[in-house]
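Asker: Can you read through this structure? Questions will come right after.
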Ligand SMILES: Nc1nc2c(ncn2[C@@H]2O[C@H](COP(=O)(O)OP(=O)(O)O)[C@@H](O)[C@H]2O)c(=O)[nH]1
Ligand SMILES: [Mg+2]
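In the numbering used here, the protein residues as written are -12 to 184.
The structure is reproduced here in structure tokens:
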């Protein structure tokens, strides 16, 4: 599959702002600063589709991007940024929860984790949530360029064990810097989008 077009549609907080029409959705979620905006830009071949921010924790909205005029890539607010108030964290939680619990067109959630670190308690919670609500889940380890080839196996083992991923579930590695294996990642994340229940 190829991503030919990508178009920002809307930033939403409330359900009433989500796009209508029922096109399938693939949501991206992860800790703030995990590289979510970067991978969205890399996969869509756009420099600034999702703003890459040096200051984490700035995105509080759900951004909907229409890809190939066919399906939505949904950018969920990052979680786990330490320097925000408890109240703000709760409001993000609500925004994400509302979307994840009540979004019929949502077919898959892509959980991003940093390949250099053990997934956090929030990552584990998110992974369990995605599975609990019955969405297909793909885990992508970001910033692959930051570790050596030798370190990949160790990273994979730690991520799998911490999240409790079943053996048959793939763990994908990606670098938004060198974009190695981009076509394969696109196929894995979007190729079967119209076949998912
Ligand atoms: N080396 C490297 N840096 C990355 C990669 N992806 C993101 N970054 C950097 O990590 C920081 C956070 O990235 P961003 O995409 O804004 O993360 P977000 O908060 O999850 O949207 C930025 O400084 C990026 O340049 C990657 O694959 N490799
Ligand atoms: Mg971002």
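The beta-carbon is built from N, C-alpha and C at its ideal position, and this holds for glycine as well. Here the structure is a predicted model, which is why all the values come from computation and not from measurement.
Which ranges does the beta strand (DSSP E) cover as unbroken runs of at least 3 residues, wholly within the region 8 to 51, from first to last along the chain?
Answerer: The qualifying runs are 12 to 17.
Asker: Using the three-state DSSP reduction, which class does residue 58 fall into: helix, strand or coil?
Answerer: Note: residue 58 maps to strand in three-state DSSP.
Asker: Hey, quick one: how far does the alpha helix (DSSP H) through residue 170 stretch, first residue to last?
Answerer: Where residue 170 is concerned, the enclosing alpha helix (DSSP H) stretches over 169 to 177.
Asker: My guess is that residue 168 and residue 161 are in contact by the Cβ rule of under 8 Å, so how many angstroms apart are they, rounded?
Answerer: At roughly 7 Å, the Cβ-Cβ gap stays under 8 Å, so residue 168 and residue 161 are in contact.
Asker: According to DSSP, is residue -10 part of a helix, a strand, or is it coil?
Answerer: It is coil, neither helix nor strand.
Asker: Mapping DSSP to helix, strand and coil, what is residue 76?
Answerer: In the structure shown, residue 76 sits in a helix (DSSP, three-state: H, G or I).
Asker: Whose C-beta lies closer than 6 Å to the C-beta of residue 133 among residues of the same chain, with five residues either side of it excluded?
Answerer: Once the five neighbours on either side are set aside, the close Cβ partners of residue 133 are 103.
Asker: Alpha carbon to alpha carbon, how far is residue 10 from residue 59? Give it in angstroms, no decimals.
Answerer: Cα to Cα, residue 59 sits roughly 7 Å from residue 10.
Asker: Flag residue 190 as yes when its Cβ comes closer than 7 Å to any non-hydrogen atom of ligand 2, and as no otherwise.
Answerer: Because residue 190 is not part of the residues shown, which for the chain are -12 to 184, the question remains open.
Asker: Give a single yes or no on whether residue 65 has its beta carbon closer than 7 Å to a heavy atom of ligand 3.
Answerer: For the structure depicted, ligand 3 is absent and the ligand set comprises only ligand 1 and ligand 2.
Asker: Using 8 Å as the Cβ pair cut-off and three pairs as the minimum, do the region 64 to 74 and the region 87 to 94 touch?
Answerer: Contact between the region 64 to 74 and the region 87 to 94 is absent, because fewer than three Cβ pairs lie under 8 Å.
Asker: Give a single yes or no on whether residue 132 has its beta carbon closer than 7 Å to a heavy atom of ligand 1.
Answerer: At least one heavy atom of ligand 1 is nearer than 7 Å to the Cβ of residue 132, so yes.
Asker: Label residue 8 either buried or exposed according to how many other C-beta atoms from any shown protein chain fall within 10 Å of its C-beta, with 16 as the threshold for buried.
Answerer: Burial call: exposed.
Asker: Since residue 15 and residue 87 should fall inside the 8 Å C-beta cutoff, what is the C-beta to C-beta distance between them, to a whole number of angstroms?
Answerer: At roughly 12 Å, the Cβ-Cβ gap does not stay under 8 Å, so residue 15 and residue 87 are not in contact.
Asker: Can you tell me whether residue 140 is buried or exposed, with buried defined as 16 or more other CB within 10 angstroms of its CB?
Answerer: Looking at its Cβ environment, which holds fewer than 16 other Cβ atoms inside 10 Å, residue 140 is exposed.
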